[in-house]
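Reviewing the structure listed below.
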Amino acid sequence: MYYNEEICCGPAWRLRIPGGFMKLFDLFGKSAKKEPKPAQEPEREISLEEHGVYSGMRVEAMDAENHLLFIAKLMSLSGDGAKLHPYSKAEVSSEEEMKIKIRGYSDMDKKVVHLEGNLKQADDGIWPVEGLVFIKSGNDRAFFRLNTDIDGSMVIIGKVGAGEEPCKLLNISVGGAYVRAEPALELGERFLLQVKLHPDRDMSLIYSEVCRIIEKEDEVFEYGCQFVELNEADQKQIIQAIYERQRKKKHGS
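At position 95 of the sequence shown (counting the first as 1) the number is 95 in the UniProt record's numbering, and the numbers step up by one without a gap.
Written out as structure tokens, the structure reads:
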């Protein structure tokens, strides 16, 4: 039986049921019981390949103190393991297993990828590395740079009557160099760098592009340059020269 009852808050319809009165909205206004949220699936782990690592990548292997151990080509990438093929003999005991840092240069997107892993015992000069972990990547193209301060020359591309100009190779890395010279160049301008990286080898001819300019006193410039159109043989020659000079500096010879 329904009846109207006046209370301080205004009219309210009530339903007489055994045990007392209950407001209609108490019967029908209760929200349905919420279903529990399904458990979230764990995030898929991103592979090294998805981070830009690939077989054939040029890498530097360094110890925990960032001392260069060797420069190599990363091959046989599978899961979190790979094999490092050094361009020159590595000055690491083949009996050692050690934690290393790896810095790889991608020729595909021109980025540097930083990894860490465990260097295992070498087999026929090839170094397995396991437990590879991606640390970071970025546009920092600077590889290990070796201070050289050796004389060379440059021929500017595309300038009529341009001959050889003396220059000083201040430092060099796998991907570029710093050069001091008098000719005023512009960003993006290209030249042929001629320098003898090793006293017992032929002159290296390296096609270079200006990517940074620092004007010094006495109308002298310092140019940050990146190497362009390097083939595998050119890369290997530069890497071997860098490594041999680094080894001599390390041993004080």
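Every residue, glycine too, gets a C-beta built ideally from N, C-alpha and C.
As the structure is a prediction and not an experimental result, all values here were calculated from the model.
Residue pairing of H85 in beta bridges, as defined by DSSP: K73.
Distance from the Cα of Q240 is smallest, within the candidate group G188, G224, S173, for S173.
Pairwise C-beta distances place the region 150-158 out of contact with the region 123-139, as fewer than three of them are shorter than 8 Å.
Here A233 carries a helix assignment [DSSP, helix/strand/coil].
The beta carbons of L192 and L205 sit closer together than 7 Å. Ranking K111, I126, P166 by CA distance to the CA of S76 puts I126 first. The continuous beta strand (DSSP E) containing H114 extends over residues 112-119. Here K136 carries a strand assignment [DSSP, helix/strand/coil].
Rounded to whole angstroms, the separation of the alpha carbons of Q237 and K83 is 21 Å. In the DSSP assignment, the residues bridged to F221 are A181, E215. Going by beta carbons, Q235 and L68 fall outside the 7 Å limit. DSSP places E244 in the helix class (H, G or I) of the three-state scheme. Counted as a single uninterrupted DSSP element, the beta strand (DSSP E) harbouring R190 occupies residues 190-195. Put simply, the backbone Cα of A177 is about 6 Å away from that of N171.
The beta carbon of P166 is closer than 6 Å to those of S153 in its chain, skipping five residues each way along the sequence. Residue environment for M203: exposed (fewer than 16 other C-beta atoms within 10 angstroms of its C-beta). Take D149, set aside five residues on each side of it, and the residues of its chain with a beta-carbon closer than 7 Å to its own are K168, L170, in chain order. Inclusion of Y105 and R58 in the CB contact set at 7 Å is warranted, their separation being smaller than that value. Under DSSP, the beta-bridge partners assigned to K99 are N118.
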